[in-house]
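Enquirer: Keeping their order, the protein sequence lines are chains L and W.
So the first sequence is numbered by the working numbering: it starts at 8 and just counts up by one.
So the second sequence is numbered by the working numbering: it starts at 8 and just counts up by one.
Glycine included, every Cβ here is placed at the ideal spot set by N, Cα and C.
Sharing a structure here in structure tokens format.
Protein chains: 2
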Amino acid sequence: MTYTEVFIALADPTRRHIFEALRERPKTVGELAEGQPVSRPAVSQHLRVLESARLVNVEPQGNRRLYSIKRDGLNELRQYLDSFWSDALTAYSAEIARRVKSEKGE
Amino acid sequence: MTYTEVFIALADPTRRHIFEALRERPKTVGELAEGQPVSRPAVSQHLRVLESARLVNVEPQGNRRLYSIKRDGLNELRQYLDSFWSDALTAYSAEIARRVKSEKGE
DNA sequence: CGATACCGTAAGTTATGACTTACACAGAGG
DNA sequence: CCTCTGTGTAAGTCATAACTTACGGTATCG
């Protein structure tokens, strides 16, 4: 059920833009805010949501904070999506398979 | 980019529950509403959003309307996710993850 | 030491959307 | 016909969250 946060995080356009801006390279909050039409505190708040969804990673570097993409959230989302393919949408077998996988710690 | 609607559609818990209820088999609006804690018109509105996101398919059958899962929306979402798995990004984020781990003394 | 850059948090405002009830309309069946 | 069933739509309410400005705290640098 943890992909809930990931969906919510990526549903917002501004947040998705920030996230996509990190594909190029890790960036600081100021750098990210510069490319967006919203204020810097707004970017900070979005980054907090992205971090909570395990989509980004923060690494303090002296005065600044360097944000980068983290794959955990993406993995969960992909796992959820794959559950709609693993089997021809029959009954609950896909869901069961997903649960078993996560129980094994994968 | 059209995956925007898909993200928004699946971000709502009620809408995701409705969508997941269709994994078992195609269902009518009444059947779907019965399994949800919200009113029937609410389910109708959710279905409109899901349909607009190309996540469900509707087939009128006499008096009722039979809804079923449509792959188009899921395909777009998966395509978007897969774009984050390019080799460069994979190597880059793996490096970040490794650094963070070693900083934690793990 | 100041002074400045970088960033997070608080508080308040506003827009969005999820929900309700009420209504309209088409098909099935007596 | 008339009624019931199944569903979509309209209008209005209310909660949420996205945004702003203001402020506080911590490094860096002169």
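Exposed or buried, what is E66 of chain W when buried is set at 16 or more other beta-carbons lying within 10 Å of its beta-carbon?
Expert: exposed
Enquirer: Between L81 of chain L and L62 of chain L, how many whole angstroms is the CB-CB distance? I'm expecting something under 8 Å.
Expert: 7 Å
Enquirer: From which residue to which residue does the alpha helix (DSSP H) around E83 of chain W run?
Expert: R78 to D89
Enquirer: Can you grab the Cα-Cα spacing for the pair S93 of chain W / S75 of chain W, in whole Å?
Expert: 33 Å
Enquirer: I'd like to know whether the C-beta of L54 of chain W is nearer than 9 Å to at least one C-beta of chain L.
Expert: no
Enquirer: Just to confirm before moving on: does the CB-CB distance between L54 of chain W and F14 of chain L stay below 9 Å?
Expert: no
Enquirer: Leaving out five residues before and five after I25 of chain L in sequence, what residues of the same chain have Cβ atoms less than 6 Å from its Cβ?
Expert: L39 and H53
Enquirer: Please classify S90 of chain W: is it buried, with 16 or more other beta-carbons within 10 angstroms of its beta-carbon, or exposed?
Expert: exposed
Enquirer: Taking Cβ-Cβ distances shorter than 7 Å, what residues in chain W pair up with P20 of chain L?
Expert: Within chain W, the residues near P20 of chain L are T11.
Enquirer: Below 8 Å CB to CB, which residues in the same chain sit around R22 of chain W once its five sequence neighbours on both sides are set aside?
Expert: A16, H53, V56 and L57
Enquirer: Leaving aside the five residues before and after L29 of chain W along the sequence, list all residues of the same chain whose C-beta is less than 8 Å from its C-beta, in chain order.
Expert: L39, V63, Y74, S75 and I76
Enquirer: So, is V45 of chain L buried or exposed, given that buried needs 16 or more other C-beta atoms within 10 angstroms?
Expert: exposed
Enquirer: What's the C-alpha gap between E41 of chain W and E41 of chain L?
Expert: 48 Å
Enquirer: Within 9 Å (strictly less), CB to CB, does I15 of chain W reach chain L?
Expert: yes
Enquirer: From P33 of chain W to Q68 of chain W, what distance separates their C-alpha atoms?
Expert: 12 Å
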